[in-house]
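What follows is a short report on a single structure.
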Amino acid sequence: MPAIVLVGAQWGDEGKGKATDLLGSSVDYVVKFNGGNNAGHTVVIEKDGKREKYALHLLPSGILSPNCVPVIGNGVVIDLGVLFEELDGLEARGVDTSKLLVSANAHVIPSYNRTIDKVTERFLGKRRIGTTGRGIGPTYADKMNRVGIRIQDLYDEGILRQKVEAALELKNQVLAKIYNTRASAVDDVVEELLAYAARLAPMVADTSLVLGQALDRGDTVLFEAGQATLLDVDHGTYPYVTSSNAVSAGACTGSGVPPTRIDSVIAILKAYTTRVGEGPFPTELHDDNGEFLRKTGAEYGTTTGRPRRCGWMDTVVGRYATRINGVTDFVITKLDVLTGLEKVPVCVAYDVGGVRHDEMPVNQTDFHHATPIYEELDGWWEDITGCRSFEDLPANAQAYVLRVEELIGARVSAIGVGPGRDEIIERFPLKPAVAG
Ligand code: GDP
Ligand code: IMO
Ligand code: MG
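Under the working numbering, the first residue of the sequence shown carries the number 26, and numbering increases by one thereafter.
Now the structure itself:
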């Protein structure tokens, strides 16, 4: 009954999509359990000798594996327009999407929440979060406030209308009187949502039951997180976070599969660090090195196209990810991007007002003021994109991985050396429970 959770170890965009796709061919189900179309996963697949790029936002990356059943769990917030756009886009490219299952308990992102997301950011001014503007935060807020709209509500028009009315009662006051924007009409919202109901109907399921039965049969289930550890609403750099639980524990609440069924946790860790949006980032670089990482690593957002903030590897963050997620295996991605540097700095601890911190500071204020303490490792010049075993890597690249592994406290089982599906070094089997 192998159940594997895959999470991001930093602030997102670590290469979760590529890792999920890699595992996709050997798993039966891939489950998205948190977030929505704020995520952006790029998967590069070789087809007839040509490289094809897929950008996924709402669908789990496992949808690209023909034998895998993609599942959108109850913890996800769904923009139905985006869902069908993405499905149509994939179908047009010959991807079979007919197996997709959607939890009846997942929440939908009504259009008014996209408006609220955007106007709230505008109002926050320099205190803004830098959200993706997709309505994610307001929809999770509605869920917690018990005024959210669930997928199952689309199949009871009376209930749907009541719920939209209840939600808009307050929201329209806020939109019109505080934000000075157009209020939403109940009829328009209901009509918009109902327009999707018929096409969605065959996909709607009790996904917790489906996954429980799959695990009982001995099928393999992969849970794919959107966002990442430091963007988690509880364990991240609050308030500069997303509004869901992106850590491994979120896989349970976001899918209805209990913790006792999880076998392993794979964390994806980029060989350096990036962040999109606002918030503290101790190893951020504002110099030529930052530009080098952005250019070489093509660090521009998959969802919003924003340039990603770039900095060196932070192993305090890596260690924290190990602890919070219970990581059994790390995949280090984009090691190839570091090729050609004289020295590769690795942050091993922080200095906060003259005090050394080996672990994440308790207070956010200290984290804002943390200065990285670096260890400088020797770089390498050789092209590593063709390496397929750990021993193929230049000695200094091996030393980099081994030192990071020591500092983060969990084994590095795979290393990405390029964006392509096969550009990876598999050092240890990623699915111990399956392999065993
Ligand atoms: P995700 O959100 O975690 O799925 O990551 P993104 O897809 O947003 O960003 C990761 C980017 O890095 C994508 O463009 C991938 O194609 C690319 N990528 C993934 N692994 C590697 C790698 O090992 N080397 C290089 N050069 N690119 C990679
Ligand atoms: P993947 O899955 C990187 C960031 C946004 C913003 C904050 C809150 O591709 O790694 P939200 O719209 O979620 O309310 O925005 O979270 N953010 C991401 N950053 N990768 C992502 O997803 C992200 N999803 C949200 O930039 O700072
Ligand atoms: Mg991404």
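Think of the CB as a built atom: it goes at the ideal place given N, C-alpha and C, for glycine as much as any other residue.
C-beta contact flag for residue i and residue j at 8 Å
i: V215; j: V246; result: no
i: V437; j: R452; result: yes
i: D339; j: T298; result: yes
i: L48; j: L455; result: yes
i: T206; j: V301; result: no
i: Y176; j: V133; result: The sequence shown places Ile at residue 176, not Tyr. The answer is yes: Cβ separation under 8 Å.
i: T157; j: T329; result: yes
i: A271; j: G33; result: yes
i: P163; j: K124; result: no
i: L366; j: A422; result: no
i: A346; j: A292; result: yes
i: G275; j: G100; result: yes
i: E407; j: P419; result: yes
i: A250; j: F415; result: no
i: P305; j: F392; result: yes
i: K368; j: D417; result: no
i: I287; j: A28; result: yes
i: L236; j: S273; result: no
i: E303; j: I154; result: yes
i: I440; j: I433; result: no
i: G60; j: Q252; result: yes
i: R45; j: G98; result: The residue asked about is misnamed: residue 45 is Thr in this sequence, not Arg. It is not a contact, given that the beta carbons lie outside the stated cut-off.
Span of the alpha helix (DSSP H), counted from its first residue to its last, around residue i
i: P163; result: 161-170
i: S128; result: No alpha helix (DSSP H) contains S128, which is instead part of the beta strand (DSSP E) from 126-128.
i: E182; result: 182-198
i: F109; result: 105-117
i: T321; result: 313-321
i: Y221; result: 211-225
i: E146; result: 136-149
i: R334; result: Run containing R334: none in the alpha helix (DSSP H); it sits in the beta strand (DSSP E), 334-336.
i: I88; result: Counting along the chain, I88 falls outside any alpha helix (DSSP H), and DSSP gives it neither H nor E.
Opening and closing residue of the beta strand (DSSP E) in which residue i lies
i: T245; result: Premise fails: T245 is in no beta strand (DSSP E) and is neither H nor E.
i: R76; result: 75-81
i: T328; result: Unbroken run through T328: none, as it is neither H nor E.
i: D354; result: 354-358
i: G33; result: 28-33
i: T67; result: 66-72
i: V96; result: 94-97
i: I449; result: 449-451
i: Y54; result: 54-57
Proximity test, residue i beta-carbon vs ligand 3 heavy atom, cut-off 7 Å
i: D468; result: Past the boundaries of the shown model lies residue 468; the chain is included only from 26 to 461, so the question cannot be answered.
i: R260; result: Residue identity differs from the one stated: residue 260 is His in this sequence, not Arg. H260: no, Cβ never under 7 Å from ligand 3.
i: A220; result: no
i: A64; result: yes
Nearest candidate by alpha-carbon position, reference residue i, set the options
i: A64; options: K168, P444, D38; result: D38
i: E384; options: R242, P444, V96, R348; result: R348
i: P135; options: A274, K202, R153, L218; result: L218
i: V199; options: I141, G343, N99; result: I141
i: R186; options: R171, N170, A210, V101; result: A210
i: V373; options: N388, T308, P85, T353; result: T308
i: T13; options: N314, K43, I398; result: In the structure as shown, the chain begins at 26 and stops at 461. Residue 13 is therefore absent and cannot be evaluated.
i: C93; options: V101, N99, V120; result: V120
i: K262; options: S289, T390, H311, E249; result: With the sequence shown as reference, residue 262 is identified as Thr, and Lys is not the correct amino acid for it. Of S289, T390, H311, E249, the residue nearest in Cα terms is T390.
i: H382; options: V127, S50, R344, W36; result: R344
i: G445; options: D53, Y79, G106; result: Y79
i: T67; options: A439, W406, E77, L427; result: E77
i: L31; options: V341, T410, H394, S289; result: S289
i: A435; options: V356, A220, G61; result: V356
i: L149; options: I203, E448, A166; result: I203
i: A239; options: E111, V55, L432, V258; result: V55
i: A226; options: V235, E316, V342, S128; result: S128
i: N197; options: R147, T232, Y137; result: Y137
i: P332; options: D167, F317, V342; result: F317
Any non-hydrogen atom of ligand 1 closer than 7 Å to residue i Cβ
i: I29; result: no
i: P444; result: yes
i: G98; result: no
i: I293; result: yes
i: P72; result: Note that residue 72 corresponds to Lys in the displayed sequence, not to Pro. Not so, every heavy atom of ligand 1 lies at least 7 Å from the Cβ.
Any non-hydrogen atom of ligand 2 within 7 Å of residue i CB
i: E303; result: yes
i: V266; result: yes
i: H382; result: no
i: K124; result: no
i: T157; result: yes
i: L256; result: yes
i: G80; result: The residue you asked about is not Gly; residue 80 is Ala in the sequence shown. It does not: the Cβ of A80 is nowhere closer than 7 Å to a heavy atom of ligand 2.
i: T327; result: yes
i: Q238; result: no
i: Q389; result: no
- Query: Where are the beta strand (DSSP E) runs, 3 residues long or more, that stay fully inside the stretch 375-437, in chain order?
  - Reply: 380-382, 396-403
Next on the checklist: Which runs of the alpha helix (DSSP H) at least 4 residues long sit entirely within the stretch 240-305? Give them in chain order.
Outcome noted: 275-278
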